[in-house]
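Q: Heads up: the first sequence at position 247 corresponds to 346 in the numbering used here, and the numbers run straight through without jumps.
Glycine is no exception: its CB is placed at the ideal position from the N, C-alpha and C atoms.
Okay, here's the structure, questions in a sec.
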Amino acid sequence: MNKLYITTPLYYVNDKPHAGTAYSTVIADIFNRFHQFFSKETLFLTGVDEHGQKCQQAAEGKNMDVQDHCDEMAQVFIKTWENLSIKYDVFYRTTSSEHKQCVQKALQKIFDRGFIYESTYEGWYSVSEEIFYKEKDLVDGKSPQGKLVTKITEKNYFFKMSQFKNQLIQHLQDHPDFIYPSTRQNEVLSFVKNLEDLCISRPKSRLKWGIPLPFDSDYVVYVWVDALLNYIFGAGLWKESDSDFESWWKESVHFIGKDILITHAVYWPCLLMALDLPLPKKIVSHGWLLNQDLEKMSKSQGDILDPLELAQQIGHDSLRYFFSSVRFGHDAPISQKMIIQEHNQSLANNLGNLVQRVLTLIESSLAGTLPPPPSSLHPLQEKSMETCEKVSKYIHEFSIHMAVFEITELLNQTNKFLEETAPWNFISEKDKTAPILYTALDVLRVAVSLLQPIIPNASQEVLRRLGLPPQSFEQTKKVNQLKSGIVVKKESPIFPRVRL
RNA sequence: CGCGAGGUGGAGCAGUCUGGUAGCUCACCGGGCUCAUAACCCGGAGGUCGCAGGUUCAAAUCCUGCCCUCGCAACCA
């Protein structure tokens with residue numbers, strides 16, 4: 100119960116990370132950090148999906164060896180996550196020899212259990228695009244891009260996915276929390292009702308870059324099957340040393356974008372059932388980041404945002420903060436301007452400015468020395484304790500934006516509190532300013548501690564200025580936790596305003 | 001009837017599950033403060049919460065129908 104296994108999708112390495120992949124990863128990282136904050140033991144996995152046709156094509160396009168291309172791209176992902184303060188435990192690569200061995204072992208097992216059969220695959224193949232189309236996808240007898248297609252009948256291996264239909268429907272009905280948000284459950288159910296078998300092989304004559312089937316080396320495995328299996332191997336299944344796989348897997352949560360819900364909520368459970376393994380505990384699908392016109396961002400429109408650039412321009416924490424402030428689970432518009440506005444309003448004007456004014460007042464009134472706590476509890480401190488409870492509740496409900504809203508509200512109240520008490524009017528009367536300044540700083544301590552999972556770097560810098568180490572939730576939800584007697588000092592602003 | 005999401009003051013959004021005086025940020029107008037990053041605080045103008053019915057003492061919130069916008073339809077987070 101005290102463990103939690105969090106995963107992001109394995110990102111496809113045909114291109115570098117974009118705002119969407121960054122969003123998935125940052126959100127998963129924030130949840131991971133929140134649960135660590137709540138004293139859970141967590142395992143956080145991310146990684147890259149390196150096989151398949153598009154990857155092979157991307158390498159060929161650059162005139163590179165495919166493995167070299169993958170190695171290069173993997174580094175780009177690692178560097179991007181570093182720049183977004185992503186703290187993962189496992190960076191999984193599907194070209195590792197361990198992964199290949201495990202995938203083959205899994206396929207053999209499914210094969211031995213009788214869930215894989217040989218049949219013929221019929222489809223319309225576009226030689227120039229190297230893509231199969233179904234009859235219904237064709238436009239005037241050609242591919243949607245207008246390329247010539249020919250009907251091909253090909254021997255392939257199929258996974259008896261349809262056999263798990265009733266079992267999966269039963270699971271979905273018995274576990275209404277399996278998919279978040281629950282509204283997307285219907286989407287999955289309606290898909291499952293027409294469940295067909297899945298073609299899981301690709302002949303090597305067409306696709307070389309993949310893991311060979313253990314029972315027929317003329318074929319490689321379909322990339323989704325290859326990639327999905329990472330989730331169990333990454334948690335230690337079939338490792339030589341007796342791993343904690345079972346205890347992690349029991350508490351597994353997959354974070355994904357809504358577009359890959361079917362693969363995760365249908366294909367993946369069926370594969371697990373075929374392997375006689377338990378299903379993941381939860382699948383959390385988030386919405387998309389859209390451009391200002393609320394359309395999907397696309398390269399052709401040139402409105403792709405580079406997360407690395409954004410992080411460097413505005414700051415890691417500010418980008419993370421923006422991601423956490425949009426309604427979780429739903430689509431949301433994003434632009435550089437919106438991120439900067441959010442940074443200026445919430446982080447610079449509200450939080451950052453509050454830190455400066457309180458510390459300045461303590462310096463000028465109390466020579467920087469933190470006073471003892473006031474004899475009675477101020478209502479604002481009571482409110483800060485309520486905020487702790489609300490944040491915990493919202494995070495457990497995946498309403499991260501509501502958690503952010505509550506913390507912002509607490510900071511607003513603290514600004515208001517200073518305005519009402521106006522300690523600058525009697526700055527030399529220490530006995531009057533001390534309780535006010537202690538209260539304000541103690542509430543600030545709570546707010547900043549609650550923000551640690553979202554803005555890890557800045558919040559720890561603020562805590563350092565308050566003379567405190569990183570804080571746990573247990574510490575955060577107590578009042579009067581400042582170290583009386585130590586000397587604090589104002590330093591340069593943590594979140595300078597960014598001009599638009 | 002393919003599946004799904006959304007329509008809330010000028011802009012962008014939250015609130016909808018668990019019905020109870022419509023909230024946040026930006027922009028605009030007036031005032032205060034000068035501790036603070038020209039930041040902060042107070043007040044004001046601006047919304048019949050897409051439309052029409054229904055349930056209820058009470059509906060942005062629940063039910064029904066309709067209109068409009070947008071995604072997805074199997075390797076694109």
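1) Per DSSP, what kind of secondary structure is Pro534 in: helix, strand or coil?
2) Would you tell me roughly how many angstroms separate the C-alpha atoms of Ser498 and Met172, rounded to the nearest one?
3) Can you grab the Cα-Cα spacing for the pair Leu306 / Arg598, in whole Å?
4) Confirm, please, whether the CB-CB distance from Gly222 to Phe214 is below 7 Å.
5) Compare the Cα-Cα distances from Gly467 to each of Phe422, Val457, Leu479, Leu446 and report the closest residue.
6) Please classify Gly451 as buried or exposed, where buried requires at least 16 other C-beta atoms within 10 Å of its C-beta.
7) For the region 176 to 188 against the region 407 to 421, do three or more pairs of beta-carbon atoms, one drawn from each stretch, fall closer than 8 Å, so that the two count as touching?
8) Sorted by chain position, which residues of the same chain lie with C-beta nearer than 8 Å to Thr219's C-beta, five sequence neighbours on each side aside?
9) Would Leu144 pass as a contact of Thr179 if the rule is Cβ separation under 7 Å?
10) Looking at Leu109 and His134, is the spacing between their C-beta atoms short of 7 Å?
11) Going by alpha carbons, who is nearest to Leu581 out of Ser225, Ile310, Asp343, Arg564?
12) Terminal residues of the continuous beta strand (DSSP E) containing Pro377?
13) Look at the Cβ atom of Leu404, then the Cβ atom of Ala118, and state whether they are nearer than 7 Å.
14) Using a Cβ distance threshold of 8 Å, determine whether the region 145 to 154 contacts the region 306 to 317, with at least three qualifying pairs required.
15) Under the assumption that Asn329 contacts Thr124 (Cβ atoms under 8 Å), give the Cβ distance between them as a whole number of angstroms.
16) Give me the Cα-Cα distance between Lys589 and Val365, rounded to the nearest whole angstrom.
17) In or out: Ala521 buried (at least 16 other Cβ within 10 Å) or exposed?
18) Can you tell me whether Trp367 is buried or exposed, with buried defined as 16 or more other CB within 10 angstroms of its CB?
19) Any idea which residues DSSP pairs Cys201 with across the strands?
20) If you run the structure through DSSP and keep just helix, strand and coil, what is Trp337?
21) List the endpoints of the continuous beta strand (DSSP E) containing Tyr420.
22) If you draw a straight line from the C-alpha of Ser138 to the C-alpha of Pro555, how long is it?
23) Within this structure, are the beta carbons of Val542 and Thr513 separated by less than 7 Å?
24) Should the region 382 to 390 be called in touch with the region 354 to 361, which here means at least 3 C-beta pairs below 8 Å?
25) Can you have a look at Phe290 and say buried or exposed, based on whether 16 or more other CB atoms are within 10 angstroms of its CB?
26) So Lys178 is in the alpha helix (DSSP H); what residue range does that whole segment cover?
27) Is it buried or exposed for Lys515, if we count other Cβ within 10 angstroms and need 16 for buried?
28) Start and end of the alpha helix (DSSP H) containing Asp148?
29) On the premise that Phe263 lies in contact with Leu297, defined as a C-beta separation below 8 Å, what is that separation, rounded to the nearest angstrom?
30) Closest to Asp128 by CA distance: which of Ser571, Pro552, Gln574 is it?
31) Which residues bound the beta strand (DSSP E) around Gly309?
32) With 16 as the cutoff for other CB atoms within 10 Å, does Val586 come out buried or exposed?
33) For Pro595, is the classification buried or exposed, using 16 other Cβ atoms within 10 angstroms of its Cβ as the cut-off for buried?
34) Let me check understanding here. Comparing Cα to Cα, which of Tyr191, Leu271, Thr538, Gln559 lies closest to Ser474?
35) Report yes if the C-beta distance between Leu389 and Asp430 is below 7 Å; otherwise report no.
36) To which residues of the same chain is Thr120 closer than 7 Å at the C-beta, ignoring the five residues directly before and after it?
A: If we stick to the structure as given:
1) helix
2) 33 Å
3) 50 Å
4) no
5) Val457
6) buried
7) yes
8) Thr252, Glu253, Lys254, Asn255
9) no
10) no
11) Arg564
12) First-last for Pro377: undefined, no H or E at that position.
13) yes
14) yes
15) Not a contact, Cβ separation roughly 15 Å.
16) 55 Å
17) exposed
18) buried
19) Looking at the DSSP assignment, Cys201 forms no beta bridge with any residue, so it has no partner.
20) coil
21) Counting along the chain, Tyr420 falls outside any beta strand (DSSP E), though it belongs to the alpha helix (DSSP H) covering 415 to 424.
22) 16 Å
23) yes
24) yes
25) exposed
26) 165 to 182
27) exposed
28) Per DSSP, Asp148 belongs to no alpha helix (DSSP H); it is in the beta strand (DSSP E), 140 to 148.
29) Contact flag wrong, Cβ pair sits at about 11 Å.
30) Pro552
31) Taken as a continuous stretch (DSSP letters only), Gly309 belongs to no beta strand (DSSP E), as it is neither H nor E.
32) exposed
33) exposed
34) Thr538
35) yes
36) Tyr110
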